Amino acid sequence: MARAPYELESDNRWLGGWAPETLLGGLEAARSDVARSWVGSRNADGWTAGGEIKWLLLYKLELLRFQAQFIILDTIPCIHHGTCRYKHLKAKGPLCLVKNYPSIPFFFVECLESNDRKKSLEQVKKEGQEALLKKSSDPVGTMKIIDSIQELGIGHHFEEEINALLGKICHWDASQDLFATSLQFRLLRHNGWTTFPENFNKFLDKSGNFKESLSRDIGGMLSLYEASFLGAEGEGVLQQAMDFSRGHLHQSIPHMAPELGRQVSRALRLPRHLQMERLEAKNYMDQYSRTTTKIPALLELAKLDYDMLQSLYKRELGEITRWWKELGLIESLGFARDRPSECFLWTVGIFPEPRYSNCRIELTKTVCILLVMDDIFDTYGSFDDLVLFVKAIKRWDLDAMEQLPEYMKICYMALYNTTHEIAYKIQKERGLTAVAYLKKTWIDIFEAFLEEAKWFNQGYVPSFREYLDNGVISAGSYMAMTHATFLVGDGISKDTLSLMKTYPRLFSCSGEILRFWDDLGTSTEEQERGDNACSIQCYMRENNGCDENEARKHIRGLIGKLWLELNGVAMNTTALPSSIVKACFNMARTAQVIYQHGDDKSTYTVDDYSILKCVMISLIHSKFPLFFFSYFFLSLFNITMSKMSSLLGFFVGLVLVGVVASSKFEELYQPAWALDHFIHDGELIKLKLDNYSGAGFGSKSKYMFGKVSIQLKLVEGDSAGTVTAFYMSSEGPNHNEFDFEFLGNTTGEPYSVQTNVYVNGVGNREQRLDLWFDPTKDFHTYSIFWNQRQVVFLVDDTPIRVHTNLEHKGIPFPKDQAMGVYSSIWNADDWATQGGRVKTDWSHAPFVATYKDFTIDACECPVGVSSSSVAPENAKRCSSSEDKKYWWDEPTMSELNVHQSHQLMWVRANHMVYDYCTDTARFPVTPAECVHHRH
């Protein structure tokens with residue numbers, strides 16, 4: 001029974017008679033007992049029982065449920081000089097005080113009354129005892145659970161337990177199981193355990209190549225591909241694995257079920273090892289929720305953890321914003337970048353876990369100041385003033401700033417005071433004297449800034465190596481990692497301090513990756529502004545005749561090599577704490593996520609797109625008010641007003657579901673795979689195919705019944721071997737699907753369009769016709785109409801195929817599964833053109849399909865609810881009744897009218913080139929629906 005509202009009045013009043021130390025101490029004691037029983041209790045084979053894993057998840061979920069029942073009241077600050085001071089507060093219900101628990105700093109919270117969250121700790125213990133009785137030895141299942149935990153972003157709750165299990169996994173022999181061998185290798189190496197690439201030699205043939213028979217195991221191939229990215233220099237078998245798996249996965253995507261295809265495409269676009277943890281955790285939750293093997297407790301834990309972290313990030317950003325405003329640099333200078341939100345995004349990427357809250361805040365302060373200093377050296381300061389400033393910085397004395405211009409004095413004071421404040425906190429909290437090390441990083445940065453200013457002032461283009469060595473320093477990577485090492489303060493030894501004097505190679509590898517991605521993402525804009533040469537221009541200068549595309553390709557190759565080195569150096573680094581090793585990986589990952597879209601000149605640039613995307617994905621589900629996003633949006637970007645209008649439309653469309661977005665595409669669809677081959681050009685969407693990858697997009701929602709349409713201009717010229725598809729599909733092995741597939745041809749030969757219908761996972765209902773116009777010269781409308789009576793394929797509103805409901809004849813009809821809407825372009829030269837006799841001529845690449853005017857007039861269903869249990873509810877929801885009428889259920893929509901029937905007959909008589917119904921070689925017995933169809 002809920003207690004009556006009351007008012008919290010005094011510092012000495014504990015609610016309900018419970019002191020937080022008692023309550024949380026009991027929870028932690030129980031957790032320790034459970035963890036010991038989970039790791040220590042094993043079956044005869046030495047394996048932890050699956051029930052024990054589930055018990056720990058249930059326990060951990062209940063612990064986090066206890067925490068997550070609270071909503072932070074931001075207006076009631078509770079941290080004040082290390083003690084908790086209460087304010088008078090009227091409450092709607094019982095109030096709780098959570099005291100310094102690892103995932104929750106000091107703050108007031110309001111308890112939510114929810115029946116499903118009232119399960120007592122004793123009840124959970126009882127469930128755990130019952131679960132402990134269930135024994136199962138399944139190392140593969142255990143690895144899958146660990147993998148899911150880490151991909152969901154909740155690995156920080158299970159570090160000790162995961163480490164104990166990996167100690168057993170490292171001695172297990174996965175035999176000839178490609179999936180298990182690859183997963184075992186990836187998990188061990190990702191978590192810092194020693195493992196050897198020779199484990200993959202058993203999958204090689206006598207010629208030393210991976211066996212072609214492995215390509216049929218899609219799950220194993222995907223696992224092998226993911227594992228290959230953790231390879232180091234000299235581990236050639238892993239490079240072979242990457243090339244082998246990537247090639248076969250690309251070729252297999254068009255033949256995969258939609259959900260598996262999306263999963264593989266995401267991995268090919270950005271493998272797990274390169275992903276930014278917090279951004280991908282939210283994406284994976286949706287994917288995990290649709291798997292049949294999901295553990296509901298694990299999914300709920302991930303959602304609660306995600307929401308709590310978002311609240312924590314919001315508080316941190318509020319503190320940073322207040323500090324930045326009080327510092328007053330922007331108001332005093334008037335020319336520098338005002339981007340505390342962007343700076344905070346970087347630190348979230350590098351240190352996403354809740355325990356690094358203080359590190360994120362202090363590190364963001366240094367990055368904010370770094371941006372201002374960069375603006376002084378790049379755009380505002382005279383060269384003579386810059387020389388004076390660097391001399392003053394090297395003295396690191398307040399008296400040294402007397403000779404500086406006024407605006408430089410302000411900057412000098414801000415840097416000096418902030419650095420000493422951070423050093424004081426490190427001394428107080430970690431017992432480490434860090435000021436000399438922090439000071440050195442700033443001196444190094446300003447010397448690097450000055451070197452770049454000299455190059456610019458003299459019109460000098462440095463050598464590639466000269467540029468890179470200086471650029472790693474000026475990018476701030478050494479500064480950030482050195483500050484972070486002391487702020488985290490874990491396991492710092494004399495060897496660690498010695499490394500800080502010259503900077504470890506681990507910092508350099510990560511910093512070079514950051515520098516290269518920065519150049520790839522911002523080079524075009526910087527050259528337009530007349531800035532210094534970057535790595536791209538330096539490489540072009542050293543290699544006469546090299547164009548920019550070739551230089552970019554070379555830089556991306558160097559990034560790949562640096563990842564190999566980074567992986568190897570990390571395995572052999574002992575003087576740095578594991579938290580800093582992981583941070584170096586995260587800095588490289590964050591750089592790629594933020595800058596990679598600027599590497600394609602046909603997409604949005606870094607300043608006006610990719611950072612926005614990162615913030616949106618990170619915060620869109622945080623239940624923040626719209627004004628908060630407006631603050632983010634306006635503070636992040638220096639963009640022109642012409643760009644502002646289109647981006648603002650995109651932004652509002654994401655935040656407010658149902659409100660008109662900047663275009664119908666962005667309201668209805670999103671890129672599905674190969675973002676670097678997806679081009680948004682004003683009102684046009686373009687999908688690009690080359691010998692590396694195709695591309696695709698899919699609807700944000702699923703639908704039952706109605707009409708979907710696109711306007712499409714197909715690939716021009718010699719398009720033989722290519723296929724452009726527009727289709728609807730549900731998910732799972734028994735999926736339904738309606739396909740348009742446009743089969744490319746040699747120049748001058750007509751395009752063919754193939755349609756197909758899958759019902760309960762069975763297709764083989766192909767019909768093919770030649771179009772009566774050139775689909776490459778202009779846009780034409782392609783539509784799919786679907787209701788409970790028929791499926792109609794239309795070209796410019798002319799029906800070309802009808803699939804009729806013949807359930808009364810015992811023939812199944814697709815009317816029970818919600819479908820997504822998709823389009824893609826891929827290479828299918830093994831069958832698409834003249835039965836595969838004509839192959840794709842890659843000299844004509846890239847092949848580009850262009851889209852516009854996207855229309856969906858259909859019944860929207862919740863995403864991810866295609867299971868049989870909800871199918872009747874969806875069908876009922878999307879069918880007319882006394883309370884609602886849908887246009888697709890009108891009597892006139894139950895069959896073609898006379899005019900449409902004549903159009904269909906004309907198409908079939910004049911343009912049909914293949915009909916499965918008449919293919920007696922494939923079907924000696926005429927398919928049942930062919931006997932009864934009237935069209």
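So the sequence shown is numbered by full-length UniProt numbering: it starts at 1 and just counts up by one. Ideal placement from N, C-alpha and C gives every residue a C-beta, glycine not left out. Predicted model only: the values in this text are computed from it and were never measured.
Three or more beta-carbon pairs separated by less than 8 Å are not found between the region 830-842 and the region 676-688, which leaves the two stretches without contact.
In the same chain as Asp305, and ignoring 5 residues on each side of it, the C-beta atoms closer than 6 Å to its own belong to Ile154, in chain order. If you ignore the 5 residues before and after Ala720, its C-beta comes within less than 6 Å of the C-beta of Gly744, Asn745, Thr746, Thr833 and Val838, all in its own chain and listed in chain order. Collapsing the DSSP output to three states places Phe196 in coil. Cα atoms of Tyr416 and Glu406: separation of roughly 15 Å, rounded to the nearest angstrom.
Arg768: member of the beta strand (DSSP E) spanning Gln767 to Asp770, first to last residue. Nearest to Lys314 by alpha-carbon distance, out of Lys325, Met408, Ala453 and Phe344, is Phe344. Contact between Thr724 and Ala849 holds, with the beta-carbon distance rounding to 5 Å and staying under 8 Å. By alpha-carbon distance to Asn567, the top candidate from Leu188, Ala232, Met221 and Phe185 is Ala232. Here Thr776 has Leu714 and Glu716 as same chain residues with Cβ atoms under 6 Å from its own Cβ, once five neighbours each way along the sequence are excluded. For the pair His248 and Ser223, the CB atoms are not nearer than the 8 Å cut-off. Listed as beta-bridge partners of Leu684 by DSSP are Asp681.
Contact annotation, Trp826 with Arg262: C-beta distance approximately 14 Å; criterion of less than 8 Å not satisfied. A check of alpha carbon separations from Trp772 across Val925, Met912 and Pro254 identifies Met912 as the nearest. Between Val569 and Leu506, the CB-CB gap stays under 8 Å.
Taken in chain order, the whole alpha helix (DSSP H) runs of length 4 or more contained in the region 442-526 are 464-474, 477-488 and 494-502. Separation of Tyr751 and Arg768 (C-alpha to C-alpha, rounded to the nearest whole angstrom) is 10 Å. With respect to the C-alpha of Thr781, the residue from Lys688, Leu450, Thr590 and Lys707 having the closest C-alpha is Lys707. Under the three-state reduction of DSSP, Gln176 is assigned to coil, being neither helix nor strand. Around Val907, the same chain offers Leu769, Thr798 and Ile800 as residues with beta carbons nearer than 7 Å, after the five sequence neighbours per side are excluded. Looking at Val802, Phe779 and His735, the one whose alpha-carbon comes closest to that of Asn787 is Val802. Counting other Cβ atoms within 10 Å of its Cβ, Arg922 stays below 16 and is therefore classed as exposed. The distance from the Cβ of Phe793 to that of Phe740 is about 7 Å, consistent with a contact at the 8 Å cut-off.
A contact is defined here as three or more CB-CB pairs under 8 Å, and the region 268-279 meets this definition with respect to the region 342-362. If the five residues before and after Asp889 are omitted, its C-beta is found closer than 7 Å to the C-beta atoms of Asn787, Ser879 and Ser880, all from its own chain and listed in chain order. For His803, the enclosing beta strand (DSSP E) starts and ends at Thr798 to Thr804.
For the set Tyr288, Gln239, Phe200 and Leu268, the Cα lying nearest the Cα of Ile149 is the one of Tyr288. Excluding the 5 residues flanking it on each side, Arg269 has same chain C-beta neighbours closer than 7 Å at Trp673, Ala674 and Leu675, in chain order. According to the DSSP assignment, Leu794 belongs to the beta strand (DSSP E) that extends over Gln790 to Val795. Rounded to whole angstroms, the separation of the alpha carbons of Thr502 and Leu450 is 20 Å. For Gly557, the enclosing alpha helix (DSSP H) stretches over residues Glu548 to Met571. The residues Met540, in chain order, have a CB closer than 6 Å to that of Cys546 in the same chain once the five nearest residues on each side in sequence are set aside. For Arg246, the CB contacts under 7 Å within the same chain, skipping 5 residues up- and downstream, are Tyr225 and Leu268 in chain order. Cα atoms of Gln240 and Asn209: separation of roughly 8 Å, rounded to the nearest angstrom. In chain order, Asn470, Gly471, Ile473 and Ser474 place their CB closer than 8 Å to the CB of Ala448, counting only its own chain and leaving out the 5 sequence neighbours on each side. With respect to the C-alpha of Phe196, the residue from Phe185, His190, Phe203 and Ala695 having the closest C-alpha is Phe185.
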